[in-house]
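This report concerns only the one structure given below.
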Amino acid sequence: MDKVVVMTTCANHVEAKRIARAAVDERLAACVNVLGVPVESTYRWKGKVQRAREVMVLMKTSRKKLTALHRLVESLHSYDVPEFIAVPIAAGSPAYLAWLEECLAAPRAATRKTSRSRP
22 MDKVVVMTTC ANHVEAKRIA RAAVDERLAA CVNVLGVPVE STYRWKGKVQ
72 RAREVMVLMK TSRKKLTALH RLVESLHSYD VPEFIAVPIA AGSPAYLAWL
122 EECLAAPRAA TRKTSRSRP
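Residue numbering for the sequence shown follows our numbering, starting at 22 and increasing by one per position.
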């Protein structure tokens, strides 16, 4: 299966929502969850142990969209090194996975029926 869940953390809800909207608008993610409760992160940065309150973001996408999604996240993110971790989806409901695929696909060009009159 080529579907994955991408995890990232953001500095605040505004940043998380901006990334979420752009990822869905550009069809790089079918669905993005911005978790409403801040997470407390402990990490090492520039030689020191740091703590921060962050917003967790989960994005559902496909492997073929990962590079473009990664570029998008980096371009909109305030961190020097934003978290970007993709975890494979081992299984899922067929209907949900079909919906996910449909959302990631490029929109089809609208076909117009033209009426022609006979000469």
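Don't be surprised by glycine CBs; every beta carbon is placed ideally from N, CA and C.
Exercise. Around the Cβ of S83, are there at least 16 other Cβ atoms within 10 angstroms (buried) or fewer (exposed)?
Worked result: buried
For this session: Decide if M22 is buried, meaning its Cβ has at least 16 other Cβ atoms within 10 Å, or exposed.
Result: exposed
Problem set entry | Whole-angstrom distance between L56 and V76, CA atom to CA atom | 7 Å
For this session: Tell me whether P115 sits in a helix, a strand or coil according to DSSP, three-state version.
Result: helix
Exercise. Excluding sequence positions up to five away, which residues of its chain have a Cβ less than 6 Å from the Cβ of T63?
Worked result: R72
Problem set entry | C-alpha distance - I106 paired with W120, whole-angstrom precision | 23 Å
Exercise. When we look at the beta-carbon of T132 and count the other beta-carbons within 10 Å, is it buried (16 or more) or exposed?
Worked result: Bear in mind that the predicted position of T132 carries a pLDDT of just 47, short of 50, making it too unreliable to give a figure here.
For this session: Please say whether V45 and V53 have beta carbons closer to each other than 8 Å?
Result: yes
For this session: Any chance you could list the beta strand (DSSP E) runs of at least 3 consecutive residues sitting entirely within the region 40-113, in chain order?
Result: 52-55, 60-66, 69-83 and 106-109
Exercise. Between which two residues does the beta strand (DSSP E) carrying M28 extend?
Worked result: K24 to C31
Exercise. Roughly how many whole angstroms lie between the Cα atoms of A10 and V58?
Worked result: Only positions 22 to 140 of the chain appear in the structure, and residue 10 is not among them; the question remains open.
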